[in-house]
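Order-wise, the sequence lines are chains A and B.
In terms of the working numbering, the first sequence opens at residue 20 and continues consecutively.
In terms of the working numbering, the second sequence opens at residue 20 and continues consecutively.
Note that the Cβ used here is the ideal one computed from N, Cα and C, for glycine as well.
All remarks here apply to the structure that follows.
Protein chains: 2
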Amino acid sequence: MNSADGCDLFLRACRREPVPRTPVWFMRQAGRYMQEYRELRARHSLLELCRTPELAAAITLQPLKKLGVDAAIIFADLLLPAQAMGMKLEFAEGEGPVLSPPIRAAEDVRKLGAVQDGELSYVAEAIRIVCRELNGSLPVIGFCGAPFTVASYMIEGSGSRNFVHTKRMMYQSPELWQALMQKLVPVLGAYLRSQAEAGAGAVQIFDSWVGCLNPEDYRTYVLPYSRELIRAVAPAGVPIIHFGTGTATLLELMREAGGDVIGVDWRIALGEAWRRVGYDVAVQGNLDPVVLFGPREMIRARVEQILRSVAGRPGHIFNLGHGILPETPVENVQAVVEIVRQFRPETP
Amino acid sequence: MNSADGCDLFLRACRREPVPRTPVWFMRQAGRYMQEYRELRARHSLLELCRTPELAAAITLQPLKKLGVDAAIIFADLLLPAQAMGMKLEFAEGEGPVLSPPIRAAEDVRKLGAVQDGELSYVAEAIRIVCRELNGSLPVIGFCGAPFTVASYMIEGSGSRNFVHTKRMMYQSPELWQALMQKLVPVLGAYLRSQAEAGAGAVQIFDSWVGCLNPEDYRTYVLPYSRELIRAVAPAGVPIIHFGTGTATLLELMREAGGDVIGVDWRIALGEAWRRVGYDVAVQGNLDPVVLFGPREMIRARVEQILRSVAGRPGHIFNLGHGILPETPVENVQAVVEIVRQFRPETP
């Protein structure tokens, strides 16, 4: 299995074309679980890594040979667009990102700027470097946070369990929510298009926190803006992966919002998820990231179970149901790739 | 609508008997959103409040007249049984409960004691006081955490986003997980039975964190123990409410584990949840607690929508999809009760 073949595999699966085997990559495949990443991270802040194209490119490349995955995903942070719009972005040790001051009032939304020329272009530049290095041997995936997920961070100021401020804005000040989304969507759209223009062969939209919503709220407050973003990116001509977690009751609506591939978390059987979103889109997923902390024979059983559940239908990209966790044993990530590469559905 | 009628309403709905209107109560209806609670809390630690029957009883009674709900729920903490088994339980300011040392190895499980006589009996005693005060005018609900949720706290030591330690124990040391569950289930069973004997007219089992699991893990590692607990409590002869959050893909399995009433969170339409668990159980839920931060007309619309979606079928108890949040405006909680009390399904 050479890497040129790998390139082909991922993009063909996104388009639901037949492939000799299922392609595989991992959300957060470049990250803290890897020694090479931790060494670079020890010398640079997270923002330095993100904002220095050569460093972001180096991190993007780190896991590729080591894991044998079928795609690279550019190293960046979901909240860079919020910073580019004028918010202060910091990473508190062990606490995750903090955006300040949080967006709560009309005045806060009004102050959010358009992105200045040059801001965010370091991501496109990193993609250019990665593409040059890979020279067509593997596709590069660009990404951004979905409008809801980025907005919820801007409003909460940090991670949240209950999303009270976010939902309160939706419910109490729908016009303010709309104003925020209408500032955000064009920024995210231009950002993803710039990544595609720089050479990204596909893009993924992460709606990581959308699972706090019920279907009605999703339809009213989220779907129109996710759809607007996806439509704005479609002309770039690259496959769009639309991903969320905790979306068992939202999958049909995410499908309605758009995307060529729907990313699914581990809480739902992948076969059922695909049936529900419809076979006219591809699906990506959906091993629980914590299974990578389990014994090898269990990892094998779970990976093969997922592959078997959707075997025979083109359009599955293997991935976890969310990002690789920091303490994950690297050799177990490698093992997953091997299992996916070797898998052949039983002939009946 | 007098309170004796209220008593009848809740228990009859648990048994799916016809009722003149839908009964309503709230998870965490006694708590920080109430001025009366905050005043008591300012003078006592949370553990003092839980472990002093007169104080726990007083807090239990606080919201009843103020809200006009149809049931009382005893004031207690999910983790008291873990403390009774020998773990150190502390409440870090703004951080939630901390159990130490966390249970990670066979030795840790072995050290967990049976509950000493007298430990936990303060909860039954508080129920006795509440029953005496209410004198049959309202039913009292007892509760405990489900085996998974209590065990996950014991293993993680605190709240968790990814439940890595918990799942790692399940996957790597299933015999250790089993040993922990086998110590826990009899403790929880005796605890709930003692609450029923003290006068609780119903009991609720909170599987608050079970939504991190996929259906397969639930079936293997959780269902047998939840079922064992429910079977152990059934002879007490009171309705059992089986509740969890993030359970959109687990509802059928929760039903299989047991319970007379299945508690449902807001992420799924209640009518669909009921169809899936089957009409031979009652359902409880399922307004998003954050809707109580919204404008009054929206609260009304959402409450009535839930009521309308299951109207005409006996066996619905109105509640939120999770506990009342600390900053919730009391008057909005009162408004929900009013809306439920006044609701009459449109005649066609």
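Pairwise C-alpha distance: residue j and residue i
| i | j | result |
| --- | --- | --- |
| B:K107 | B:A95 | 16 Å |
| B:M200 | B:L99 | 16 Å |
| A:F362 | A:R319 | 10 Å |
| B:A32 | B:S192 | 42 Å |
| A:E216 | A:V229 | 28 Å |
| B:G282 | B:F225 | 9 Å |
| B:L326 | B:F337 | 8 Å |
| B:P254 | A:H184 | 44 Å |
| B:W285 | A:I148 | 45 Å |
| B:A221 | B:V117 | 28 Å |
| A:C163 | A:L211 | 7 Å |
| A:G178 | A:G115 | 7 Å |
| B:M20 | B:L28 | Confidence at B:M20 is low in this model, with a pLDDT of 39, below 50, so its placement is unreliable and the value that follows should be read with caution. Cα to Cα, B:M20 sits roughly 11 Å from B:L28. |
| A:Y190 | B:V302 | 26 Å |
| B:L30 | A:E350 | 54 Å |
| B:I287 | B:N181 | 22 Å |
| A:D136 | A:P72 | 16 Å |
| A:R246 | A:E275 | 8 Å |
| A:S213 | A:L270 | 28 Å |
| B:A143 | A:R62 | 57 Å |
| B:V356 | B:R40 | 12 Å |
| B:S22 | A:F45 | The predicted position of B:S22 is uncertain, since its pLDDT is 42 and thus under 50; no value can be drawn from it. |
| B:L195 | A:A75 | 42 Å |
| A:C231 | A:V128 | 23 Å |
| B:G265 | B:V169 | 17 Å |
Residue i versus the options, residue with shortest Cα-Cα distance
| i | options | result |
| --- | --- | --- |
| A:R35 | A:I260, A:K130, A:A143, A:K186 | A:I260 |
| B:V300 | B:V257, B:G256, B:H335, B:E323 | B:H335 |
| A:E365 | A:E357, A:F225, A:G331 | A:G331 |
| A:P42 | A:E73, A:A90, A:L80 | A:A90 |
| A:L139 | A:L80, A:L306, A:L97 | A:L97 |
| B:R47 | B:L80, B:E73, B:R321, B:D27 | B:L80 |
| B:F312 | B:R212, B:A354, B:A111 | B:A354 |
| A:I174 | A:L131, A:P258, A:E323 | A:L131 |
| B:E109 | B:C69, B:K85, B:D136, B:L270 | B:C69 |
| B:G18 | B:L248, B:A103, B:P333, B:A292 | Chain B is shown only over 20 to 367; residue 18 of chain B falls outside these bounds and no answer can be derived. |
| A:K186 | A:A143, A:N154, A:D236 | A:D236 |
| A:G304 | A:G263, A:G297, A:E275 | A:G263 |
| B:P243 | B:S328, B:Q197, B:V352 | B:Q197 |
Residue i vs residue j beta-carbon contact at 8 Å
| i | j | result |
| --- | --- | --- |
| B:Y172 | B:A124 | no |
| B:P314 | B:H341 | no |
| A:G176 | A:S119 | yes |
| B:C150 | B:G256 | no |
| A:G208 | A:A251 | yes |
| B:L344 | B:V322 | no |
| B:V88 | B:P333 | no |
| B:V204 | B:P166 | yes |
| A:V280 | A:P258 | yes |
| A:V8 | A:A111 | Residue 8 of chain A lies beyond the stretch modelled for chain A, which goes from 20 to 367, so this question has no answer here. |
| A:A267 | B:T268 | yes |
| A:L66 | A:I78 | no |
| B:V352 | B:W293 | no |
N- and C-terminal bounds of the beta strand (DSSP E) containing residue i
| i | result |
| --- | --- |
| A:A111 | 107-111 |
| A:N338 | 335-339 |
| A:G263 | 259-263 |
| B:F167 | Looking at the DSSP string, B:F167 is not in any beta strand (DSSP E); the run it does join, the alpha helix (DSSP H), is 166-175. |
| A:I224 | 221-226 |
| B:N305 | 301-306 |
| A:G282 | 280-282 |
| B:P116 | 115-119 |
Neighbouring residues, chain A, relative to residue i (Cβ below 9 Å)
| i | result |
| --- | --- |
| B:P234 | R286, I287, A288 |
Chain B contact residues for residue i, given Cβ-Cβ distances below 8 Å
| i | result |
| --- | --- |
| A:V183 | V309, F312, L344, E346 |
Enclosing alpha helix (DSSP H) for residue i [first to last residue]
| i | result |
| --- | --- |
| B:S140 | 140-153 |
| B:I249 | 242-252 |
| A:V204 | 193-216 |
| A:P82 | 72-86 |
| B:W285 | Taken as a continuous stretch (DSSP letters only), B:W285 belongs to no alpha helix (DSSP H), as it is neither H nor E. |
Under 9 Å from the C-beta of residue i: neighbouring residues of chain B
| i | result |
| --- | --- |
| A:Q191 | F312, G313, P314, M317 |
| A:K186 | D307, V309, V310, F312, G313 |
Residue i: contacting residues in chain A (beta-carbon distance under 8 Å)
| i | result |
| --- | --- |
| B:A165 | Here the premise fails: no neighbours, minimum Cβ distance about 17 Å. |
Partner residues on chain A for residue i, Cβ-Cβ distance less than 7 Å
| i | result |
| --- | --- |
| B:A267 | A267, T268 |
Cutoff 8 Å: residue i Cβ touching any chain E Cβ
| i | result |
| --- | --- |
| A:S64 | Absent from the structure: chain E. Protein chains present are A and B. |
Cβ-heavy atom distance, residue i to the ligand ATP, below 7 Å
| i | result |
| --- | --- |
| A:S171 | What this structure holds is no ligand at all, so the ligand ATP is not there to describe. |
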